[in-house]
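Asks: The end of the sequence shown is residue 166 by our numbering, with every number in the run present.
Note that the Cβ used here is the ideal one computed from N, Cα and C, for glycine as well.
Because the structure is a prediction, the values reported are computed rather than measured.
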Amino acid sequence: MVADDFATITQKRMTGGLRIDGIAGMNIHIDPGPGALVRSYQFDSDPRKLDAVMVSHSHTDHYTDAEVLIEAMTRGMTRQRGTILGSLSVMEGYRDWGPCISEYHMRRSRCITLSAGETVDIGDLEVTGTGTVHGDPTGVGFRLRADD
């Protein structure tokens, strides 16, 4: 890859991650990159109704709108609400990577650092970290399991 090949700084298409509504009775946003907030409103998905924000790794196209979505989820940081789940680099920092979520933004939500092979529950949703090879050595994929 050469400098002119970076998708985030030359993008012409939408990014902003993936939103899943109604899984295990929750609304989650995964990898909220550039435009996640704006696109949420564009597609009538109110970010204040989020129950979880999940970030797989410390590349800007996967986390730039995470903090503003966390602010929406916690009603402007005024309520203890929701879950923030991310890789070690995202949540705590690892070597030159991260952290991507500030301590300020973590203080009003349940915070989970997930590694490959670990499984956690967010309400009735089971999330298992899967290994990845994508630059960030602590990056994780997410396998979601719900009864609905």
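Do you know whose CA, among G153, R99, T82 and Q98, lies nearest I119's CA?
Replies: Counted from its first residue, the sequence shown places residue 119 at position 101. Taking only the C-alpha atoms, the option nearest I119 is T82.
Asks: On a CA-only basis, which of R57, E89, G34 and V73 is nearest V145? Give me that one, please.
Replies: The sequence position of residue 145 within the sequence shown is 127, counting from 1. That would be V73, whose Cα lies nearest to the Cα of V145.
Asks: T78 by DSSP, collapsed to three states: which one?
Replies: As a working mapping, residue 78 is identified with position 60 in the sequence shown. If DSSP states are grouped into helix, strand and coil, T78 belongs with the helices.
Asks: If you run the structure through DSSP and keep just helix, strand and coil, what is I119?
Replies: Locating residue 119 in the sequence shown gives position 101, where the first residue counts as 1. Three-state result, I119: coil.
Asks: Measure the alpha-carbon distance for E110 versus V71 and round it to whole angstroms.
Replies: Within the sequence shown, the letter at position 92 stands for residue 110. Within the sequence shown, the letter at position 53 stands for residue 71. Rounded to whole angstroms, E110 to V71 spans 16 Å at the Cα level.
Asks: Compute the Euclidean distance between the alpha carbons of C129 and A54, then round it to the nearest angstrom.
Replies: Your numbering for residue 129 matches position 111 in the sequence shown. Your numbering for residue 54 matches position 36 in the sequence shown. Between C129 and A54, the C-alpha separation is close to 20 Å.
Asks: Tell me the DSSP secondary structure of E144 in three-state form.
Replies: By one-based count along the sequence shown, residue 144 stands at place 126. DSSP places E144 in strand when its eight states are reduced to three.
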